[in-house]
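My numbering numbers the first residue of the sequence shown as 4 and each following residue consecutively.
What follows is a single structure, written as structure tokens, with notes after it.
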Amino acid sequence: MGFAYRKKVTKMKVVARNRKARHDYQIEETYEAGIVLTGTEIKSIRQGRVNLQDSYVRIDRGEALLIGMHISPFEQGNRFNVDPTRTRKLLLHRKEIDKLYGQIKMKGLTLIPLDVHLRNGFAKVEIGLARGKKLYDKRQTAAKRDADRELRRKVKERYQ
Numbered sequence: 004m005g006f007a008y009r010k011k012v013t014k015m016k017v018v019a020r021n022r023k024a025r026h027d028y029q030i031e032e033t034y035e036a037g038i039v040l041t042g043t044e045i046k047s048i049r050q051g052r053v054n055l056q057d058s059y060v061r062i063d064r065g066e067a068l069l070i071g072m073h074i075s076p077f078e079q080g081n082r083f084n085v086d087p088t089r090t091r092k093l094l095l096h097r098k099e100i101d102k103l104y105g106q107i108k109m110k111g112l113t114l115i116p117l118d119v120h121l122r123n124g125f126a127k128v129e130i131g132l133a134r135g136k137k138l139y140d141k142r143q144t145a146a147k148r149d150a151d152r153e154l155r156r157k158v159k160e161r162y163q
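Dropping the structure here:
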């Protein structure tokens with residue numbers, strides 16, 4: 004007699020997205036990490052009161068730390084609210100942290116948060132191993148996007 008395994012239902016809701024990240028950086032790899040939060044912080048995240056602008060991830064003493072993410076204080080939180088921009092620990096496997104640390108040191112890459120989402124009620128952050136874009140790279144990306152948009156429009160006109 005074996006166990007009947009059920010596929011775990013995963014509900015994912017994106018709470019906040021770092022829109023400038025994909026514009027300013029070329030994303031090499033992405034990772035999903037848990038965040039160590041207090042009770043009032045998770046309540047604020049569920050309300051969507053998160054800002055990822057100007058935040059980044061640093062690896063310090065073998066721990067991944069999320070710096071600069073702003074979580075607004077929970078209205079009913081009174082004395083249990085904490086500093087909105089405090090440094091928060093990310094939950095990653097040791098091998099992942101070691102791999103990321105090596106790539107940051109060797110290749111000159113950086114870690115940035117791409118979005119904060121809720122998966123099965125738990126707050127997760129998607130972090131990207133990124134390389135900064137130069138101004139001409141940004142222009143090239145914008146030109147390619149405009150050309151693709153124009154091509155789609157022409158194809159749509161032709162088949163209508």
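Heads up, the beta-carbon is just placed ideally off N, CA and C, and yes, glycines get one too.
Who does residue i pair with in a DSSP beta bridge?
i   : result
A19 : V119
Q29 : R134
N2  : Since the first residue of the chain shown is 4 and the last is 163, residue 2 is not available in this structure.
E35 : E129
Could you compute how far the alpha carbon of residue i sits from the alpha carbon of residue j?
i    : j    : result
L94  : V39  : 7 Å
A36  : Q163 : 45 Å
Q79  : R22  : 30 Å
Y34  : R91  : 17 Å
V128 : L121 : 9 Å
R61  : L55  : 15 Å
I100 : G65  : 7 Å
V85  : T13  : 30 Å
A126 : R89  : 16 Å
D151 : K159 : 12 Å
K46  : R155 : 42 Å
V17  : R161 : 36 Å
R49  : T41  : 13 Å
Closest to residue i by CA distance: which of the options is it?
i    : options                 : result
P87  : K102, H96, I100 and G71 : G71
D219 : V158, T41, D27 and E32  : Outside the shown range of the chain (4 to 163) lies residue 219, about which nothing can therefore be said.
L103 : R142, E153, K46 and E31 : E31
H96  : R89, L117, N84 and A67  : A67
I115 : R142, R25 and T41       : R25
R20  : T43, T41 and D57        : D57
Q143 : Q29, V18, I74 and V53   : Q29
G174 : A145, Y59, A146 and F77 : Residue 174 cannot be examined here, being either before or after the span of the chain that is shown, 4 to 163.
Please list the terminal residues of the continuous alpha helix (DSSP H) segment that includes residue i.
i    : result
R49  : G42 to R49
R89  : Premise fails: R89 is in no alpha helix (DSSP H) and is neither H nor E.
G165 : Limits of the chain in this structure are 4 at one end and 163 at the other, which puts residue 165 out of reach.
Considering residue i, what are the terminal residues of the beta strand (DSSP E) in which it resides?
i   : result
R61 : Y59 to D63
L68 : E66 to I70
Query - Segment contact flag, the segment 104-122 with the segment 132-150, C-beta cutoff 8 Å, min 3 pairs - result: Taking a cut-off of 8 Å on C-beta distances, the segment 104-122 touches the segment 132-150, as three or more cross pairs fall below it.
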